[in-house]
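S.K.:
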Amino acid sequence: MNCGEIQDLLPDRAGDRLASAQVAEVDEHLATCENCRELFEAVRGLGTTRPAIPDDLEARILAAVRSAVADEAPMAVSPATAPSPSTAPPPAVTTPRSRWPLSPAWGLAAAAVLALAVGLPLVAPSDPELESELGALALAEEGVGQVWLDDDLMVAGAPAVSELSDEALRTLLEEFQR
Amino acid sequence: MAYRIALGHTRDPDLAADVTQNAFVKAMRGLNRFRGESKFRTWLMSIVLNEARSQLRRQGRRRESALDDAPPIRASAVAVDEGVLERVEEGRARSLVSRLPEKQRLSVLLRVDEGLSFREVGELIGSSEGAARVNYHHGIRKLREWMDDG
Numbered sequence: 002m003n004c005g006e007i008q009d010l011l012p013d014r015a016g017d018r019l020a021s022a023q024v025a026e027v028d029e030h031l032a033t034c035e036n037c038r039e040l041f042e043a044v045r046g047l048g049t050t051r052p053a054i055p056d057d058l059e060a061r062i063l064a065a066v067r068s069a070v071a072d073e074a075p076m077a078v079s080p081a082t083a084p085s086p087s088t089a090p091p092p093a094v095t096t097p098r099s100r101w102p103l104s105p106a107w108g109l110a111a112a113a114v115l116a117l118a119v120g121l122p123l124v125a126p127s128d129p130e131l132e133s134e135l136g137a138l139a140l141a142e143e144g145v146g147q148v149w150l151d152d153d154l155m156v157a158g159a160p161a162v163s164e165l166s167d168e169a170l171r172t173l174l175e176e177f178q179r
Numbered sequence: 193m194a195y196r197i198a199l200g201h202t203r204d205p206d207l208a209a210d211v212t213q214n215a216f217v218k219a220m221r222g223l224n225r226f227r228g229e230s231k232f233r234t235w236l237m238s239i240v241l242n243e244a245r246s247q248l249r250r251q252g253r254r255r256e257s258a259l260d261d262a263p264p265i266r267a268s269a270v271a272v273d274e275g276v277l278e279r280v281e282e283g284r285a286r287s288l289v290s291r292l293p294e295k296q297r298l299s300v301l302l303r304v305d306e307g308l309s310f311r312e313v314g315e316l317i318g319s320s321e322g323a324a325r326v327n328y329h330h331g332i333r334k335l336r337e338w339m340d341d342g
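Chains as they are written, first to last, in the working numbering: chain A, 2 to 179; chain B, 193 to 342.
1) Locate the alpha helix (DSSP H) running through Cys-37 of chain A, then write down its first and last residues.
2) Excluding the 5 residues preceding and the 5 following Ile-239 of chain B in the sequence, name in chain order all residues of the same chain whose CB lies nearer than 6 Å to its CB.
3) For the segment 8 to 25 of chain A against the segment 235 to 252 of chain B, are there 3 or more C-beta pairs whose distance is under 8 Å?
4) May I have the straight-line CA-CA distance separating Arg-325 of chain B from Arg-336 of chain B, to the nearest angstrom?
5) What separation, rounded to the nearest whole angstrom, lies between the Cα atoms of Val-300 of chain B and Ala-64 of chain A?
6) Can you give me the Cβ contacts of Leu-241 of chain B inside the same chain, cut-off strictly under 7 Å, excluding the 5 residues immediately before and after it?
7) Over the uninterrupted alpha helix (DSSP H) stretch that includes Lys-231 of chain B, give me the two end residues.
8) When you compare the CB of Asp-13 of chain A with every CB in chain B, is at least one pair closer than 8 Å?
9) Work out the CA separation of Leu-248 of chain B and Pro-293 of chain B for me, nearest whole Å.
10) With distance defined between alpha-carbon atoms, name the residue in B:Asp-204, B:Gly-307, B:Tyr-195, B:Ala-244 nearest to Ser-290 of chain B.
11) If the cut is a Cβ gap below 9 Å, which residues of chain B does Asp-56 of chain A touch?
12) With a 10 Å radius around its C-beta and 16 neighbouring C-beta atoms as the bar for buried, classify Arg-297 of chain B as buried or exposed.
13) Going along the chain, which residues of the segment 16 to 39 of chain A sit with their C-beta nearer than 8 Å to a C-beta in chain B?
14) Distance, Cα to Cα, Phe-310 of chain B vs Arg-303 of chain B?
15) Let's test the definition: count the other Cβ atoms within 10 Å of the Cβ of Gly-48 of chain A and tell me whether it reaches 16, buried, or not, exposed.
16) Which one of A:Gln-8, A:Glu-35, A:Arg-67 has the shortest CA to CA distance from Gln-23 of chain A?
17) Just to make sure I have the definition right: I need the residues of chain A whose C-beta is within less than 7 Å of the C-beta of Gly-283 of chain B. Which are they?
18) Roughly how many angstroms separate the alpha carbons of Ile-332 of chain B and Glu-6 of chain A, rounded to a whole number?
19) Check whether the Cβ atoms of Leu-236 of chain B and Ala-194 of chain B sit closer than 8 Å, and answer yes or no.
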């Protein structure tokens, strides 16, 4: 590989995203090319100082979702789940210990987007606040029947939705949005 | 991911948080429009970048942030051993990248932080794959020059 090709790969080398054969080739080049080595130091410097995510970001996102849901809920709640005119708030989402009512369109998708947004593993069905938020989203989706998701199905067998591959995530989204 | 991209574009932590939360809501509302033509992650990034651009326009902010005028950290004034010096250098790279022009900055950050291909970077910044690669190369070279000048 020439210098340009090596420099293309510097972010992947810094981020350990290369196959071992490519690592060897890049490292061999860096050992003898001062210019590329200096560029690699700059790239690696960036890679090791990724900005920290604010502690309150997740809470802010959830607050924004709550606000958006509140704005949409009166029009969007389906007849089956809509409260009667005399009862102001929608009914609380009741959740048996390990089962979780969520709409197919919103449940996993909401968790997936949130996980990707904050870059943290966060899907924990035992988290009452998150459960409540996602349950509220389920109520806000018009015309979509509820399905019962087991805790482990919610995270699709993975420790966190953010760790799913794009392909797996898309498949799951399509499955649950049908 | 979304926050880092928002920060890379706005260079303002508070605004980046606003962008992230707004983009999240927009992404949720737009989920039904995701057709799978791009990776889900790239699609989400495009929403974040659009929201960042929109917020910057709304605020009428100039792209030159206060960081542009900040003096570079002089490693010799802070570092006392090689380990510390190395960390200071790494921090400088992150600080200096915010001074790059927008397309160079985003090309570098999307490649380094998110591991996107040049094709994906090009999609997100509205350029060809080749232009994204050129922006990335110019960006890392400038970054290196500024580090040497510091």
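C-beta atoms are modelled at their ideal positions from N, C-alpha and C, and glycine is treated no differently.
M.R.: Based on what the coordinates show:
1) 35 to 48
2) Ala-215, Lys-218, Ala-219
3) no
4) 17 Å
5) 32 Å
6) Ile-197, His-201, Leu-316
7) Run containing Lys-231 of chain B: none; DSSP gives neither H nor E here.
8) yes
9) 15 Å
10) B:Asp-204
11) Per Cβ cutoff of 9 Å: no residues; Asp-56 of chain A is ~11 Å from chain B at best.
12) buried
13) Gly-16, Arg-18, Glu-39
14) 7 Å
15) buried
16) A:Gln-8
17) Thr-50
18) 14 Å
19) yes
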